[in-house]
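A.B. asks:
Residue numbers (the working numbering), protein chains in the order written: chain A, 1 to 164; chain B, 1001 to 1428.
#1: Counting C-beta neighbours from all protein chains within 10 Å, is the total for residue 1237 (chain B) 16 or more, i.e. buried, or is it exposed?
#2: Going by CA-CA distance only, name the one from B:1268, B:1418, B:1255, B:1106 that's closest to residue 1199 (chain B).
#3: Out of B:1136, B:1160, B:1312, state which residue places its alpha-carbon closest to the alpha-carbon of residue 1150 (chain B).
#4: In three-state DSSP terms, what is residue 25 (chain A)?
#5: If the cut is a Cβ gap below 8 angstroms, which residues of chain B does residue 145 (chain A) touch?
#6: For a contact meaning CB atoms closer than 8 angstroms, what does residue 68 (chain A) contact in chain B?
#7: Would you tell me roughly how many angstroms separate the C-alpha atoms of residue 1264 (chain B) and residue 78 (chain A), rounded to the nearest one?
#8: Nearest to residue 156 (chain A) by CA position, among A:105, A:134, A:124, A:99, is which residue?
#9: Chain A partners of residue 1114 (chain B), CB-CB under 8 angstroms?
#10: List, in chain order, every chain B residue whose beta-carbon is nearer than 7 angstroms to that of residue 74 (chain A).
#11: Can the beta-carbon of residue 1179 (chain B) be found less than 8 angstroms from the beta-carbon of residue 1203 (chain B)?
#12: Would residue 14 (chain A) and residue 73 (chain A) be called neighbours here (beta carbons separated by less than 8 angstroms)?
#13: Please classify residue 145 (chain A) as buried or exposed, where buried requires at least 16 other C-beta atoms within 10 Å of its C-beta.
#14: Taking Cβ-Cβ distances shorter than 8 angstroms, what residues in chain A pair up with residue 1232 (chain B)?
#15: Got a sec? Which residues, its chain only, sit under 8 angstroms from residue 164 (chain A) by beta carbon, not counting five neighbours each side?
#16: Between the segment 34-61 of chain A and chain B, which residues of the former have a C-beta closer than 9 angstroms to a C-beta of the latter?
#17: Which residues in chain A sit within 7 angstroms of residue 1053 (chain B), going by Cβ to Cβ distance?
#18: Please go through the segment 1102-1178 of chain B and give each complete alpha helix (DSSP H) segment of 4 or more residues, from N-terminal end onward.
#19: Would residue 162 (chain A) count as contacting chain B if we go by Cβ distances under 8 angstroms?
#20: Can you give me the start and stop residues for the alpha helix (DSSP H) that residue 1358 (chain B) sits inside?
#21: Could you compute how far the alpha carbon of residue 1185 (chain B) sits from the alpha carbon of residue 4 (chain A)?
#22: With a cut-off of 8 angstroms on the beta carbons, I'd call residue 1311 (chain B) and residue 1338 (chain B) a contact; round off their distance for me.
#23: Could you tell me which of B:1172, B:1131, B:1065 sits nearest to residue 89 (chain A), measuring between CA atoms?
#24: So what does DSSP say about residue 1221 (chain B), is it helix, strand or coil?
#25: When you compare each of B:1336, B:1377, B:1366 to residue 1357 (chain B) by their alpha carbons, which one comes out closest?
#26: For the ligand MG, I want to know if residue 1054 (chain B) counts as a neighbour, meaning its beta carbon is within less than 7 angstroms of at least one of the ligand's heavy atoms.
#27: What does the Cβ neighbour count give for residue 1085 (chain B), buried or exposed, with the cut at 16 atoms within 10 Å?
#28: In three-state DSSP terms, what is residue 1204 (chain B)?
#29: Flag residue 1196 (chain B) as yes if its beta-carbon sits less than 8 angstroms from any beta-carbon of chain A, otherwise no.
#30: Checking contacts by CB at 8 angstroms: is residue 1068 (chain B) closer than that to chain A?
#31: Compare the beta carbon distance of residue 85 (chain A) and residue 53 (chain A) with 8 angstroms and say whether it is the shorter of the two.
#32: So is residue 1279 (chain B) buried or exposed if we call it buried at 16+ other beta carbons inside 10 Å?
#33: Quick check on the DSSP output: the alpha helix (DSSP H) that includes residue 1322 (chain B) runs from which residue to which?
#34: Under DSSP, the alpha helix (DSSP H) around residue 97 (chain A) begins and ends at which residues?
#35: If I follow the unbroken alpha helix (DSSP H) through residue 1211 (chain B), where does it start and stop?
#36: Compute the distance between the beta-carbons of residue 1075 (chain B) and residue 1091 (chain B), then report whether it is under 8 angstroms.
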């Protein structure tokens, strides 16, 4: 599966309070949550991000709380993929469980320009292409167990298949 | 070390618990295992999402209602109509499913203070919670970790979950703690040393003579903040302090699990903490840590004593010992939040609440409230808070341009009197 879109570049240690502040947690509707995505660290972010765009970040993306509202807000905004140097573990589980594509990539992508650079991502091979300058970067492939989870469409479908 | 070599080394406590609950003789870091979940926890923010996902399974009943705990604690007592509706979803689900471990206002507490107190945590247990501070229960020798709502939904449906076996890092603390230095200072210091991703995906084993002598409340504080270093869990192996705490609380039988002498640790950190001062985490990150002597002339607007990190009885006792006969600085709003109804009652009996009220603090019923900027003490633009809670990210307690400093309860109480961040010696 290929994903292609404009990037929005964030730094290291983007915490779940930054992704979606607690004052908005009294709803579980992804599109409602999306209206406040990254609001406290980038007030214009919800207006800037369009369907299909990618988020690119540094290390430890999604650290902090276990709120699934964080990946739900990102998904609700139509973001097609998050590429980071590393993810906090609860966010990593949550993103896979709800079917938000995420990739761990060692390359330093912070030099990319927000709202301008475009990336093409091949989710299966983990290869990422920069469409501005034809650079390419390799991201870490998912372990087989997680590939199965993703292939089945997230944890709920996976568990359903086990329940028979 | 490769997987082959792991066969010949011993196991850490976490590896042994995961192996036992996966029905395997031994596991190695990196292994993916499906394990039995002894207890699955949700709150008023995360459980509604889990309940929505659970319904997608098309099941009538949860796997085992006695292994589920639901505690509405974040926005309770209900802060607005939306949060009242969320709690209602949880309450109805508990009722329909016959979940007896549902704790409502008046009987509840902040989940991670409540579960150990109710005897729902025991050595060797596997506990998952849709709340990142679920790692608290490692203080009692359990494997406990935070997950998301969908993971909680799956565990409610099948009574199992999957884990990647983490590498273990060992943290040894030697020396003697100075007065006013506590478990909070040990964990803030550690996070300051290794950073907010220093233990990402790792199990953190806390050990050494200082831990051997650390009271249970301080241990719970340390394990609680393992997540702030990125940890999957933090734990202390059971000893007499553990067994004394469990006595009268846990009636079921359990087997305490210990790391082998020849266990493999990815890294061992050793700290002599004899000269450790009370620690302060400056905004906007829990690893931005300095000794209190370097927090000069930081005036404050609000001080909070409470939360799953530091709202236990020892925390209230030390705060009261400083506040007794004193007044909170006229420019400061001091909020004191006992973490559970039982702690509230104990503080009432011991006269601690009277000391707080006489000092002109506001004493609240148990709630997570201000810790996550939910309600009960939100900060305005430009305001500064000093708090015994666990996170000081941008906007954590209110306006994005407000600031949060983290500390232990003694520093919080003393600073509330002084009006600025001070060492407790300055006012006691």
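Just so you know, even glycine gets a beta-carbon here, dropped at the ideal spot from N, CA and C.
Only a predicted model underlies this, so the values are computations on that prediction, with no experimental measurement involved.
C.D. replies: Let's see:
#1: Counting Cβ neighbours within 10 Å, residue 1237 (chain B) comes out buried, since at least 16 surround it.
#2: It is B:1268 whose Cα lies nearest to the Cα of residue 1199 (chain B).
#3: B:1160
#4: Residue state, collapsed to three classes: coil.
#5: The answer, in chain order, is 1032, 1162.
#6: 1046, 1049, 1130, 1148, 1149, 1150
#7: 44 angstroms
#8: The candidate whose alpha carbon is nearest that of residue 156 (chain A) is A:99.
#9: Ordered by position in chain A, no residue passes the 8 angstroms Cβ test against residue 1114 (chain B), which lies about 17 angstroms from the chain.
#10: Near residue 74 (chain A) there are no residues of chain B at all, since even the closest Cβ is about 13 angstroms away, more than 7 angstroms.
#11: no
#12: Cβ atoms of residue 14 (chain A) and residue 73 (chain A): not closer than 8 angstroms.
#13: exposed
#14: 89
#15: Cβ neighbours of residue 164 (chain A) beyond the five flanking positions: none.
#16: 39, 40, 41, 43, 59, 60
#17: 156
#18: 1111-1117, 1149-1158
#19: Yes, residue 162 (chain A) counts as interfacial toward chain B.
#20: Here the alpha helix (DSSP H) through residue 1358 (chain B) covers 1352-1358.
#21: Their backbone Cα atoms lie some 47 angstroms apart in a straight line.
#22: 6 angstroms
#23: B:1131
#24: helix
#25: B:1336
#26: What this structure holds is no ligand at all, so the ligand MG is not there to describe.
#27: exposed
#28: The answer is strand: DSSP assigns residue 1204 (chain B) an E or B state.
#29: yes
#30: When Cβ-Cβ separations below 8 angstroms define contact, residue 1068 (chain B) makes no contact with chain A.
#31: Not in contact: residue 85 (chain A) and residue 53 (chain A) (Cβ atoms no closer than 8 angstroms).
#32: buried
#33: 1313-1323
#34: Residue 97 (chain A): member of the alpha helix (DSSP H) spanning 89-98, first to last residue.
#35: 1209-1212
#36: no
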